[in-house]
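Working notes, beginning with the structure itself.
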Amino acid sequence: MKRMSATTFTAHVSPKLPIPQTSCMSSAPSSPIGVEATITISTKKPNKMSTASVESNESSDPLESDYSENDEDEVENDSASEEEDEDESLQKSKSESEEDPEGNEDDSDDDNIKGHRQFSLDDFQILKTVGTGTFGRVCLCKDKYANSYCAMKLLAMTDVIRLKQTEHVKNEKNILEEIKHPFTVNLIWSTKDECCLYMMFEYVCGGEMFSYLRNAGRFSSPAANFYACEIVLALEYLHSLSIVYRDLKPENLLINRDGHLKITDFGFAKKLRDRTWTLCGTPEYLAPEIIQSKGHNRAVDWWALGVLIYEMLVGYPPFYDDNPFGIYEKILSGKIDWPRQMDPIAKDLVKKLLVLDRTKRLGNMKNGADDIKRHRWFKHLNWSDVINKKLTPPIIPQVTSDGDTSNFDDYPESDLKPATAVGESHLQLFKDF
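In our numbering, the protein residues as written are 708 to 1140.
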């Protein structure tokens, strides 16, 4: 059983999804080594860790309501990024990333399926469910005309409204329309009918990092380094757009057919001017300022990166307990058990990311993400090679075709049932979707 995210509503189990009677059935969010060289591995039926979910009393997270205009003791990352004393090599890699963030061959499929064509739900054939969420599921679909594959996320409007997630869903779609990066799952098209909301994404057939990590026990330092550097560039890109991700964990990291990483599930992502107070995320990955309701900003993503690097190298997160509140106590104490076998240089980076005071946390100081990119654990990297996917991946997923689903769990298709159409007043809530 996978870890569940802390949401702004009670959701311990996934309900059955209402599916409209249409030619394109669809779904909601998929929430997914110790090797020194490239390997081929299958991840069918991984052994998964179980942890608890938490609840929040807040019912919504509107973009305009969570900001504080005054935070005098907080570090300003935006102005910091303009420091003139940065390394020329970092400036070069950053400019290449900004000019061509999708500078890789892998995005050609996305461009081909988009073209100038007007999509219709009738264009897609549902093949199989590859992930489930609180009010929907994600299905593999085949484009009947382009003969290509995509992942279709479907949300039942009745459930979205009932769970007071209207603003969250609209915000997620707006953010997805704004971003395009080689290390994020990119939105291709979205639409709605009288029952459901649909979002079409590129299909990432390699499965979740979570599965590979659980099968391997832990990753080698070179393997963890490979994934960490791609995540750093993805988070740096999101932060440059004033977007905080807020749900980094192995379950939300997909491995593409070429072995490179894709961040998925932007349900908790948010545009920030200053700070926000909503309790959301996954217990083991929550930054202390989220738990303490002090207001948080993009620094929470760098905290989560520290937790992720630790989990990749050790096999379990640094703060773990059977009870969520036990996890929170350990996070706030800042005490971490360091296994002897852990790479000492990686340990130094994790220590600097898991700093309780966010103003002293690496990535949130005056040089922003460049402080992380300069760390000794990454000193061997050419960051231009990272963004252009020139590094050799430690894992190449075992797949037989672009539409292979063997790296995802099986889900009962019998859970599907016709969705209920919403009234005109409720439909107007999603008029811009």
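In this text, a Cβ means the ideal position worked out from N, Cα and C, and glycines have one as well.
Rank Glu884, Lys849 and Leu942 by C-alpha distance to the C-alpha of Asn1071 and give the top, closest one. Leu942
Taking only the alpha-carbon atoms, compute the straight-line gap between His946 and Phe975 and give it to the nearest angstrom. About 14 Å.
Phe1085 (DSSP reduced to helix, strand or coil): Of the three classes helix, strand and coil, the one that applies to Phe1085 here is helix, per DSSP.
Are at least three pairs of beta-carbons, each pair with one atom in the stretch 860 to 868 and one in the stretch 916 to 935, less than 8 Å apart? Taking one beta carbon from each stretch, the stretch 860 to 868 and the stretch 916 to 935 have fewer than 3 pairs nearer than 8 Å; the two do not touch.
Work out the CA separation of Glu1131 and Pro1101 for me, nearest whole Å. 51 Å
Classify Ile1016 as helix, strand or coil using the three-state DSSP reduction. helix
Residues near Phe1115 by beta carbon distance below 6 Å, same chain, minus five either side: Val837 and Gly914
Run of the alpha helix (DSSP H) containing Glu1131, from where it starts to where it stops: Glu1131 to Leu1134
May I have the straight-line CA-CA distance separating Asp1044 from Tyr1017, to the nearest angstrom? Distance between the alpha carbons of Asp1044 and Tyr1017 is about 10 Å.
8 Å is my cut-off, CB to CB: does Gln832 come that close to chain C? The displayed structure is made up of one protein chain only, and chain C is not part of it.
Starting from His1003, follow its DSSP beta bridges and name the residues at the other end. Thr983
Throw me the rounded Cβ distance for the Val951 and Leu979 pair, which I believe falls under 8 Å. 5 Å
What span of residues does the beta strand (DSSP E) with Val845 cover, start to end? Gly843 to Asp850
For Gly1041, count neighbouring Cβ atoms within 10 angstroms of its own Cβ and tell me buried if that reaches 16, exposed if not. exposed
Extent of the continuous alpha helix (DSSP H) to which Glu909 belongs: It is not in any alpha helix (DSSP H) - Glu909 instead sits in the beta strand (DSSP E) that spans Cys903 to Glu909.
Counterpart residues of Ser1113 in DSSP-defined beta bridges: In DSSP, Ser1113 forms no bridge with anything.
Among His967, Asn1004 and Phe973, nearest to Asp981 - alpha-carbon criterion: Asn1004
Can you list, in chain order, the residues of its chain with a C-beta nearer than 7 Å to that of Cys936? Leave out the 5 residues immediately preceding and following it. These residues qualify, in order along the chain: Phe1085, Leu1088 and Val1093.
Alpha carbon to alpha carbon, what distance is there between Glu901 and Leu1134? 7 Å
Return the CA-CA distance between Arg1065 and Ile1052, expressed in angstroms with no decimal places. Between Arg1065 and Ile1052, the C-alpha separation is close to 21 Å.
Would you report the Cα separation of Glu885 and Asn878, rounded to the nearest angstrom? 11 Å
Applying the 10 Å Cβ sphere with the 16-neighbour rule, what's the burial state of Arg824? By the Cβ neighbour-count rule, Arg824 is exposed, with fewer than 16 other Cβ atoms within 10 Å of its own.
Which of the three DSSP states, helix, strand or coil, is assigned to Phe831? strand
Check the DSSP bridge columns for Met859 and list the partner residues they point to. Note: Met859 is bridge-paired with Met907 in the DSSP secondary-structure output.
Buried or exposed: which applies to Thr1127, given that a residue is buried once 16 or more other Cβ atoms fall within 10 Å of its Cβ? With fewer than 16 other Cβ atoms from the protein chains shown falling within 10 Å of its own Cβ, Thr1127 counts as exposed.
Residue(s) in a DSSP beta bridge with Leu960: Ile970
Measuring CB to CB, does Phe1140 end up less than 8 Å from Lys977? Here Phe1140 is not near Lys977, since their CB atoms are 8 Å or more apart.
Under 8 Å between C-beta atoms of Glu909 and Val892: yes
Please classify Asp1091: does DSSP put it in a helix, a strand, or coil? Residue identity check: residue 1091 is Ser in the sequence provided, not Asp. It is helical.
Is it right to say Leu948 is buried, meaning 16 or more other beta carbons lie within 10 angstroms of its own, or is it exposed? By the 10 Å Cβ count, Leu948 comes out exposed.
Residues bridged to Ser897 [DSSP beta-bridge criterion]: Met906
Straight-line gap, Asp954 to His967 (C-alpha atoms, nearest Å): 19 Å
Any idea what DSSP makes of Thr836, helix, strand or coil? Reduced to three states, the DSSP call for Thr836 is strand.
Quick one: is Thr841 buried, meaning 16 or more other Cβ sit within 10 Å of its Cβ, or exposed? buried
N- and C-terminal bounds of the alpha helix (DSSP H) containing Tyr1035: Pro1031 to Ser1040
Kindly indicate the opening and closing residues of the alpha helix (DSSP H) around His875. In the DSSP assignment, His875 falls within the unbroken alpha helix (DSSP H) covering Thr873 to Glu885.
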